[in-house]
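Asker:
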Amino acid sequence: MDIVALLGENITQGVFIGLIIGVVFQLASKTIRTILIVQFVLIKWLEARSILVIDWHRLTAGLVGQREFAIQEAQSMFDSLVEMGIFGGSLALGFLIGRRLSK
10 MDIVALLGEN ITQGVFIGLI IGVVFQLASK TIRTILIVQF VLIKWLEARS
60 ILVIDWHRLT AGLVGQREFA IQEAQSMFDS LVEMGIFGGS LALGFLIGRR
110 LSK
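Residue numbers for the sequence shown follow the numbering used here, beginning at 10 and rising by one.
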C-alpha cells in the first residue's frame, strides 16, 4: 500500500465531497442536511473499515481467539483511524470552502 497515494486520494476526496456538502448545507433544510451528513459519515466509516460488504467471518474471527488475526485487525483499525483523520480534516476544509462559495 502506497501511503502517499492513499493520503492524496483521501485529501482529494475529502475536499471535493466537503465542498459539495458545504454547498448543500447552505441550500437544504436542517432535517435533510442532518440526514445527509449522518448517512455520509456512516457510509464512509463502513467503507474505511471494509464492512460495506459484510463478511461475517471477519467480524467474528477476532472473538474466537486467533492471535494473528487480532494483531492484523488492530493494525487495520489504526490505518482506518489515520485514514478517517486525514479524510475528516480535508472534508472540513472543503465544507468551509463550500459554505463560503455559496453565500
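Quick reminder that beta carbons are idealized off the backbone N, C-alpha and C, glycines included. Given the structure is predicted, the values throughout are model-derived calculations rather than measurements.
#1: Report the rounded CA-to-CA distance for GLN84 versus ARG42, giving the unit in angstroms.
#2: Grab me the residues of LEU102's own chain with a C-beta within less than 8 Å of its C-beta, minus the 5 sequence neighbours each way, in chain order.
#3: Got a sec, what are the start and stop residues for the alpha helix (DSSP H) ILE60 sits in?
#4: Within the stretch 19–61, note down every full alpha helix (DSSP H) run reaching 4 residues or more, in order along the chain.
#5: Is ALA57 closer than 8 Å to SER89 when the C-beta atoms are compared?
#6: Can you look up ASP88 in the DSSP assignment and give me helix, strand or coil?
#7: Return yes when the Cβ of ILE30 is within less than 8 Å of the Cβ of GLY97, no when it is not.
#8: What's the gap between the Cα of LEU16 and the Cα of THR40?
Answerer: Judging by the given coordinates:
#1: Approximately 34 Å between the Cα atoms of the pair.
#2: Only GLY23, VAL24, GLY27 meet the Cβ criterion.
#3: For ILE60, there is no enclosing alpha helix (DSSP H), as DSSP marks it with neither H nor E.
#4: Qualifying alpha helix (DSSP H) stretches, in chain order: 39–57.
#5: Yes, they are a contact pair.
#6: ASP88 falls in the helix class under three-state DSSP.
#7: Their beta carbons are not under 8 Å apart, which means GLY97 does not touch ILE30 by this criterion.
#8: Spanning the two alpha carbons is a distance of roughly 32 Å.
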